[in-house]
Structure formats: structure tokens, C-alpha cells
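Residue numbers (full-length UniProt numbering): 1 to 371.
Beta carbons: idealized from backbone N, C-alpha and C, even for Gly.
As the structure is a prediction and not an experimental result, all values here were calculated from the model.
Let me begin by presenting the structure, written as C-alpha cells, before commenting on it.
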Amino acid sequence: MPSPMFVSTSSENPQRLTIDFKDDPQGSLGAQLINCDKGEPYEMFSPGFAQIGRLLEGETVAQKAGVQVGDIIVAVNGSGFRRFAPDYDESKVTNISKNGNGSKENGNSCANDNAVMHMGQGEAYSALLTKIKTVKSGGDPPLVLSLERYTWDARVNSWPRFLEAREGDVPAAMKLLQDHEAWKSKILPIDLTRDGIQEVLRLKAVAEIDVDKTGEHPPTVYVNFAKLLVADGISSDDVIKCFIIFTEMLLARSKDPRFPKTNQFIDLTGLSMSSGFRVELMRRIYEVFEPNYPETLGKMVMFPVSTMLSTTAKTLLSFVNEKTQKKFILSSSLKEVCDELGWDQTEVEQCGGVTEFMHKHESAGAALILE
């Protein structure tokens, strides 16, 4: 039976990954590093000075060890290269090292691993690269890298998005981040036993569509307004909480925690703009989404919306900021919808429409239904 509480899909506690080069002492890591020692505001929550920006193809050390984009190097052969001391609960850190690389003698967390580097701008990154080259040239002992992996809403990954949302204004971005953390501690966990939430989940009035396994198109949070209009016992708060649940789950699936994205699809099938478009609900969803999940929206699609009614809809949505409005697609064309969201139009048509297409591919919601 599923848990009656939905908890956050992100945490400030990292996973730890230790990899060594004992099988290939002179081998390349097989990854492109990002210099996080440039003195830029977006770096301030990064615990280290070098981050994995891209993985190279092939049987590389990084690929074999399970390194992922976004991982941060914090130590080299037991010597720490940290911006600041760890501020997490060590007992809650998970070691995900492969092939026994998590053993203490191979670089598991120790006092030296946690050493903080006090250097001028750019010097810590250069010192890290020099340390790596020096160890590799010596050959014995082999190179050992200690990395930390943070989830999509941990500060190291979320801070650059909050900063971008406030156009580089550090004090404004910091307030936005702090307000978000206070909001999240208040709203989560979500009680799944609420009758209204269970009804939304049973009706699939809020659900998911996740069909693109390439990562080119983000997964989609699906909202069916027709079902919300006829359902009994469902409040706006229930809908918003379900929206939060699916947003959290889909953002957690991102292949790159630095740039998590979701699309949103508002299904208006069988409804008119005057009778079925719930402006106040849209406003409340926006008031939750915009300050708490900044820079995570790929596209928001409303369908079907005729060209004539598109202007009306945009007027009704005037409360949305200009930057977000540019991500809106209001269309009556199934082809346009499928092209924008990465769906197979033929499959959608064979299913009988978008709603049936969602039923075919939605799976996460069923796991949340309490029998």
C-alpha cells in the first residue's frame, strides 16, 4: 500500500560517489568539467569548484563509475576542494559508489575530504586540476575523485534558477529562495488521504504524460478542466496540491538536475471559453508555480482553443508575467500540440484523443491512489 503522505522529491542531503583509476591509472575521466570558480553569483551555493557539465561517449571511467551531469568534485585523493564545509547530516548521506569504491581507504568522507579551500578567484579550480595531474603522473597511488550529487531543488541546483528569475538581483533572488523554502516546509508533506485529492487522482483530472525517453521534450503535467467542473467534493486546494505532486515527481525525473523542466497541458475538450475556462483556478496555480518553481516551465499548452478565442484567453491570463506568457501555446491544431510536446500524432489519434492518450501513458498517479 502506498504511503499516505507525499514528501518532497528533493533534499539538501547529497549522494556521495567515489571513483578511482586503479584499472586505468592514466585514463581520462571522460567528462567535460565546468569551472565554478569564476566569482559569479550563481556559484555561491556550489560546495565545490568543478562540476560535471557533459559526459563523453564510450566506455570511460566516468560512464563505468556512474557519474552524472551535475555531479560536483569535492576531493582528490583525500584532499578536500570545498567552497564551504558540509552543512548536511552525514547520517543521511547515501554512498552510491560502484565496485566497493566507497570504502574508507578509497576515499569515503573523512576530515581531509571536508577541507575548505581559501584561495583567490580561479585559484581553487586551478589547484584542483593541478592536483589531478600530479596524482596521475605519479601513478601510485591511483587517482581517486570524491563527488557529491544533489537533487533538482537542492540550493546548489535551484539557486541559479531563482537568480535568473530575478534577473541577477541577488537580494531579491535570496528572498524568493527563502520564501520558497518556507512555503515548501509548510505545504509538504501532502496528506494523500484527503477525499478531494483521491478523487482528482481517480478521475485523472490532474495526471502526467511522459513519453519522450530521449530527454528532448520534458514530461507534461496534464489538467482536464471538464472533469474538474463536474466532480463533486473537489476544492481548488485539492487541485493545486495534485498539481504540486505531479510537478515534483516530473521535475525529479530530469536527466540534468540543474535544468529540470516540465510542460503543462490544459485539456479544454468539450468546453467553451466562457463556461469551462476557470480563470481563478489558473490564477491560483500560477501563484504557486511561478515563485516556487521558477525557470522550470518548458511550455504551457491549452487545447483546443480557436484562433478567435485565443485573444480572449490571453486577456483572461493577463496576470501572468510577460516572460511566462511567451511559453504559452493556445491552439486548436492537434499537429501543433504534438509537435510542441513531442507526442506522436498518429498514436494520439489512434488512442481516440489526448485524454485517452494520457490514460495509456499515465502511471505515477495510480501509485498514489489509496485503496
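Secondary structure of residue 96 (DSSP, three-state): coil. Nearest Cα to residue 329 within the set 144, 24, 225 and 302: 302. With a beta-carbon spacing of about 12 Å, residue 61 and residue 17 fall beyond the 8 Å limit used to define contacts. Looking at 252, 47 and 15, the one whose alpha-carbon comes closest to that of residue 93 is 15.
Rounded to whole angstroms, the gap between the alpha carbons of residue 333 and residue 205 is 22 Å.
Boundaries of the beta strand (DSSP E) around residue 206: 206-209. Counting other Cβ atoms within 10 Å of its Cβ, residue 317 reaches 16 or more and is therefore classed as buried. About 37 Å separates the Cβ atoms of residue 200 and residue 169, ruling out a contact at the 8 Å cut-off.
Assignment of residue 293 by DSSP, reduced to helix, strand and coil, places it in the coil class. According to the DSSP assignment, residue 239 belongs to no beta strand (DSSP E) but to the alpha helix (DSSP H) extending over 236-251.
In this structure, DSSP gives residue 299 an extended state, which the three-state scheme calls strand. One thing to note: residue 74 has its Cβ within 9 Å of the Cβ of residue 146. Apart from sequence neighbours up to five positions away, the residues of its chain that approach residue 114 with a beta-carbon distance below 7 Å are 80, 82, 85 and 86, ordered along the chain.
Here residue 12 is not near residue 125, since their CB atoms are 9 Å or more apart.
Where residue 145 is concerned, there is no enclosing alpha helix (DSSP H), although the beta strand (DSSP E) around it starts and stops at 144-149. Within its own chain, the residues whose Cβ lies closer than 6 Å to the Cβ of residue 306, once the five positions on either side in sequence are excluded, are 332, listed in chain order. Contact between residue 39 and residue 121 is confirmed by a C-beta separation of about 4 Å, below the 8 Å threshold.
Distance between residue 44 and residue 54, taken at the CA atoms: about 21 Å.
The straight-line gap separating the alpha-carbon atoms of residue 152 and residue 64 is approximately 23 Å.
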